[in-house]
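From first to last, the protein sequence lines stand for chains B and G.
Oh and the first sequence: position 173 is 317 in my numbering, straight run, nothing missing.
Oh and the second sequence: position 70 is 214 in my numbering, straight run, nothing missing.
Don't be surprised by glycine CBs; every beta carbon is placed ideally from N, CA and C.
Computed from a predicted structure; not experimentally measured.
Number of protein chains: 2
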Amino acid sequence: MGRNREFDEEQALDAAMQLFWEKGYEATSLSDLTSRMGIQRPSIYSAFGGKKELFEAALRKYTMARASEIRTKLQNNPSVKQAFRTFFEDLVDEEYTEGFSRGCFSINTMVELAPHDEKFEILTREHQMYLSVIFQEAIERGMQSGELEQGTNAKALSQALLVSLIGLTVIMKSRPERSFVDNSVEVMLALLK
Amino acid sequence: MGRNREFDEEQALDAAMQLFWEKGYEATSLSDLTSRMGIQRPSIYSAFGGKKELFEAALRKYTMARASEIRTKLQNNPSVKQAFRTFFEDLVDEEYTEGFSRGCFSINTMVELAPHDEKFEILTREHQMYLSVIFQEAIERGMQSGELEQGTNAKALSQALLVSLIGLTVIMKSRPERSFVDNSVEVMLALLK
DNA sequence: GTAATACTTTACCGTTCGGTATGGTATTAC
DNA sequence: GTAATACCATACCGAACGGTAAAGTATTAC
Numbered sequence: 145m146g147r148n149r150e151f152d153e154e155q156a157l158d159a160a161m162q163l164f165w166e167k168g169y170e171a172t173s174l175s176d177l178t179s180r181m182g183i184q185r186p187s188i189y190s191a192f193g194g195k196k197e198l199f200e201a202a203l204r205k206y207t208m209a210r211a212s213e214i215r216t217k218l219q220n221n222p223s224v225k226q227a228f229r230t231f232f233e234d235l236v237d238e239e240y241t242e243g244f245s246r247g248c249f250s251i252n253t254m255v256e257l258a259p260h261d262e263k264f265e266i267l268t269r270e271h272q273m274y275l276s277v278i279f280q281e282a283i284e285r286g287m288q289s290g291e292l293e294q295g296t297n298a299k300a301l302s303q304a305l306l307v308s309l310i311g312l313t314v315i316m317k318s319r320p321e322r323s324f325v326d327n328s329v330e331v332m333l334a335l336l337k
Numbered sequence: 145m146g147r148n149r150e151f152d153e154e155q156a157l158d159a160a161m162q163l164f165w166e167k168g169y170e171a172t173s174l175s176d177l178t179s180r181m182g183i184q185r186p187s188i189y190s191a192f193g194g195k196k197e198l199f200e201a202a203l204r205k206y207t208m209a210r211a212s213e214i215r216t217k218l219q220n221n222p223s224v225k226q227a228f229r230t231f232f233e234d235l236v237d238e239e240y241t242e243g244f245s246r247g248c249f250s251i252n253t254m255v256e257l258a259p260h261d262e263k264f265e266i267l268t269r270e271h272q273m274y275l276s277v278i279f280q281e282a283i284e285r286g287m288q289s290g291e292l293e294q295g296t297n298a299k300a301l302s303q304a305l306l307v308s309l310i311g312l313t314v315i316m317k318s319r320p321e322r323s324f325v326d327n328s329v330e331v332m333l334a335l336l337k
């Protein structure tokens, strides 16, 4: 009995995710959230708990979506080298096309919250570890198909590529010349051989 | 005429730098600052202007000190390969030795402020560009001495190494297993040949 | 229809925020 | 010594913060 929730919880969470992604945790106020989510303050508390809990839910939603997106992109191409190239180049294209650089929600959180909050240290670490495994599996596929050298250290290489991806994502926030980023991508992709 | 300033401005700025470095801009309050700097609130305003201006002064102090520190480390070793290795390994050691990961003040600022404040976009970009030139000069020295291959693209390589350095610094905030970082460093250093 | 229930809305809570006006105090120039 | 000056410390400002109590409203079960 009783009334049913009027707003779409998933849709509201998505709006919160966009906002936290853009502005980070501290700089996002509850007023920002209510106006963007289209619901009132107590609705946030009844549906999600509080600001921190809402942030965590938003981050979880983001990391799950992002991981499966990356997995798909790397699997869609029969050539592993081409798959990584397209992935990196698309990433750069998107950041330079948009007027604004959101970067990666998980990376932003690693910088803002992970050093002071163990929950987010763990959450972001697990996401990065998961991505590095996705990278590793793609590289191992390339080794099995003969596209990549047999002697390749798939684990170390995937970890280095992930670290480079993070570095790329972060430095683009300072809007360096496009050639800077393009050069870096070329050097990284040359590791795949 | 009139009274002279009682506190050491440079020392107070240094305390502010440490605090902003640890906690970022938004999460650092004026109360935090006054207690750590050992001075009262109006003294901050008369000496530095305001919170944003104090932050900027602290960031400038940091980037200048950091750049010259890095330049020194890369010049101190006759072998460029060894210089980069020591530089990266020391960086990792320091982060894993301390219980707490401050990372790099400029990188933290790139993530927190650069996307929303052009002044810090420019400031952080210029610092990164400066570092990449330091890297490039080191690599070019290595090419002249014959330690590195003549065909090396010094510019692209230095940019890629800088991007990797940023990625390393950031991912360490999530405290991955040490082997993860060590592996990445090995792959990156292998680019120097 | 009725009573119970759970959501929405409004208004408000104490606290903390960045920033400043004010008054006391030490130092300077003369 | 004296007057002018500039720093220091306290107290305070309005605004915004995260969070919640209370009242109104729609929906449910019976």
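CB Lys225 (chain B) to CB Leu309 (chain B), shorter than 8 Å? Against a cut-off of 8 Å, the Cβ pair of Leu309 (chain B) and Lys225 (chain B) comes out as no contact.
In terms of residue numbering, what span does the alpha helix (DSSP H) encompassing Pro222 (chain G) cover? Membership of Pro222 (chain G) in any alpha helix (DSSP H) is not indicated, and neither H nor E is assigned to it by DSSP.
Going by Cα to Cα distance, which pick from B:Glu233, B:Leu301, B:Ala304 is closest to Glu330 (chain B)? Comparing Cα-Cα distances from Glu330 (chain B) to each of B:Glu233, B:Leu301, B:Ala304, the minimum goes to B:Glu233.
Taking only beta-carbon positions, decide if Leu174 (chain B) is within less than 8 Å of chain G. With 8 Å as the cut-off, Leu174 (chain B) does not count as an interface residue toward chain G.
Pair every Cβ in the segment 236-247 of chain G with every Cβ in the segment 242-249 of chain B, then say whether three or more of these pairs are closer than 8 Å. The segment 236-247 of chain G, when compared against the segment 242-249 of chain B, does not touch it at the 8 Å Cβ threshold.
Could you have a look at Pro186 (chain B) and say whether DSSP puts it in helix, strand or coil? Pro186 (chain B) falls in the helix class under three-state DSSP.
Counting only C-beta atoms, is Phe324 (chain G) closer than 8 Å to chain B at any point? For Phe324 (chain G), the nearest CB of chain B lies under 8 Å from its own CB, placing it at the interface with that chain.
Against chain G, does Ala258 (chain B) count as a neighbour if the rule is that its beta carbon must be under 8 Å from one of theirs? With its beta carbon less than 8 Å from one in chain G, Ala258 (chain B) belongs to the interface.
Cross-chain neighbours of Thr268 (chain B) in chain G, by beta carbon under 7 Å: Per Cβ cutoff of 7 Å: Ser318.
Can you find a C-beta in chain G that's less than 8 Å from the C-beta of Met332 (chain B)? At least one chain G Cβ lies under 8 Å of Met332 (chain B).
Which whole-angstrom value is the C-beta distance of Lys299 (chain G) and Gln272 (chain G), which I expect to be below 8 Å? Contact annotation, Lys299 (chain G) with Gln272 (chain G): C-beta distance approximately 14 Å; criterion of less than 8 Å not satisfied.
Can you confirm whether the segment 278-293 of chain B touches the segment 212-223 of chain B when touching is taken to mean that 3 or more C-beta pairs between the two stretches lie within less than 8 Å? Between the segment 212-223 of chain B and the segment 278-293 of chain B, the count of C-beta pairs closer than 8 Å reaches three or more; the two stretches touch.
Which same chain residues end up closer than 7 Å to Gln294 (chain G) when comparing Cβ atoms and leaving out the 5 residues on each side of it in sequence? Same-chain partners within the cutoff: Met287.
Buried or exposed: where does Pro186 (chain G) fall if 16 or more other Cβ atoms within 10 Å of its Cβ makes it buried? The Cβ neighbour count for Pro186 (chain G), taken over all protein chains shown within 10 Å, is under 16; the residue is labelled exposed.
First and last residue of the uninterrupted alpha helix (DSSP H) at Glu262 (chain G): If you look at Glu262 (chain G), you'll find it in the alpha helix (DSSP H) that goes 262-288.
Chain-ordered neighbours of Glu170 (chain G) on chain B, where CB pairs are closer than 8 Å: Result: Gly168, Glu170, Ala171.
Of the choices G:Ser318, G:Met316, G:Asp176, G:Arg149, whose alpha-carbon is the least far from that of Ser190 (chain G)? Here the closest residue by C-alpha is G:Arg149.
Cβ shell of Asp176 (chain G) (< 8 Å), same chain only, five flanking positions each side left out: Around Asp176 (chain G): Leu163, Lys167.
Simplified DSSP state of Gly311 (chain G), which is helix, strand or coil: Shown here, Gly311 (chain G) sits in a helix according to DSSP, grouped into three states.
Drop a sphere of 10 angstroms on the beta-carbon of Leu312 (chain B), count the other beta-carbons inside from all chains shown, and report buried for 16 or more, exposed for fewer. With 16 or more Cβ atoms within 10 Å of its Cβ, Leu312 (chain B) is classed as buried.
Going along chain G, which residues have a C-beta under 7 Å from Val236 (chain B)? Simply none; closest approach about 11 Å.
What residue does the alpha helix (DSSP H) around Ser328 (chain B) start on, and which one ends it? Where Ser328 (chain B) is concerned, the enclosing alpha helix (DSSP H) stretches over 322-333.
Using the beta-carbon of each residue, which ones in chain B are nearer than 8 Å to Asn132 (chain G)? Here chain G comprises residues numbered 145 to 337, so residue 132 (chain G) is not present and cannot be evaluated.
Which whole-angstrom value describes the C-beta separation of Ala209 (chain B) and Arg180 (chain B), a residue pair presumed to lie in contact below a C-beta threshold of 8 Å? Contact flag wrong, Cβ pair sits at about 18 Å.
Where do the ends of the alpha helix (DSSP H) carrying Gln162 (chain B) lie? The continuous alpha helix (DSSP H) containing Gln162 (chain B) extends over residues 153-167.
CB contact flag (Val255 (chain B), Val314 (chain G), <8 Å): Taking 8 Å as the Cβ cut-off, Val255 (chain B) and Val314 (chain G) qualify as a contacting pair.
What residues from chain G crowd round Val277 (chain B), counting only those whose CB sits closer than 9 Å? In chain order: nothing, as chain G lies at least about 12 Å away.
Minimum C-alpha distance to Ile251 (chain B) - residue among B:Ser328, B:Tyr169, B:Thr230: The shortest Cα separation from Ile251 (chain B) among B:Ser328, B:Tyr169, B:Thr230 belongs to B:Tyr169.
Anything in chain B within Cβ reach of Lys299 (chain G), meaning under 8 Å, just list it in chain order. Residues of chain B passing the Cβ test: Asn327.
Within 10 angstroms of its Cβ, does Glu265 (chain B) collect 16 or more other Cβ (buried), or is it exposed? Counting C-beta atoms within 10 angstroms of its own C-beta, Glu265 (chain B) has 16 or more neighbours from the protein chains shown and is therefore classed as buried.
Would you mind reading off the limits of the alpha helix (DSSP H) that contains Thr338 (chain B)? Examination of residue 338 (chain B) is not possible in this model, given that chain B is present from 145 through 337 alone.
C-alpha gap between Ala201 (chain B) and Phe151 (chain G), whole angstroms: Here the alpha carbons of Phe151 (chain G) and Ala201 (chain B) stand approximately 46 Å from one another.
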